[in-house]
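To start, the structure under review is shown below, and the notes come after it.
In this note's numbering, the protein residues as written are 40 to 164.
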């Protein structure tokens, strides 16, 4: 797989937008959350883009799918953290509108990619 191929993927580009959005949001969090929720959210969002890129750079489709699954899991993790921030009232729904939209879109794209790649891996009977 081409080394720079991941930069052309819409899902990677959107995950980079999500990084910017999450980093904007964590600035709103109270200082008490600097090493807890804020840290976890930054790790999760970085994991999405990083695993998409790393998977693209692997030698096999099977490995690529594995890394896309990790990225999708990080999407769910981040979504949960954003929901926690809403429940705790650190963020308003308006604050998180763009982030939730990107998380949803990225999750759907990743699911589609994973399903299509898995079909390639499964021989037809």
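Every residue, glycine too, gets a C-beta built ideally from N, C-alpha and C.
Exercise. With distances taken from CA atoms, which of 44, 93, 122 and 78 is nearest residue 109?
Worked result: If you number the chain shown from 1, residue 109 lands on position 70. That would be 93, whose Cα lies nearest to the Cα of residue 109.
For this session: Give the C-beta separation of residue 9 and residue 149 to the nearest angstrom, bearing in mind that I take them to be a contact with Cβ-Cβ under 8 Å.
Result: What the structure shows of the chain is the stretch from 40 to 164, and residue 9 is not part of that stretch, so it cannot be assessed.
Exercise. Taking only runs of the alpha helix (DSSP H) that begin and end inside the segment 42 to 85, which ones reach a length of at least 4 residues, in chain order?
Worked result: 49 to 65
Problem set entry | Local Cβ density within 10 Å of residue 66, reported as buried at 16 or more and exposed below that | Within the chain shown, the letter at position 27 stands for residue 66. Residue 66 comes out exposed.
Exercise. Between residue 107 and residue 145, which are expected to be in contact by the criterion C-beta below 8 Å, what is the C-beta distance as a whole number of angstroms?
Worked result: Taking the first residue of the chain shown as 1, we reach residue 107 at position 68. Taking the first residue of the chain shown as 1, we reach residue 145 at position 106. Not really, about 11 Å apart at Cβ, beyond 8 Å.
Exercise. Does the beta-carbon distance from residue 81 to residue 61 come in below 8 Å?
Worked result: As a first step, residue 81 must be located in the chain shown, where it is residue number 42. As a first step, residue 61 must be located in the chain shown, where it is residue number 22. Taking 8 Å as the cut-off, the Cβ atoms of residue 81 and residue 61 count as close.
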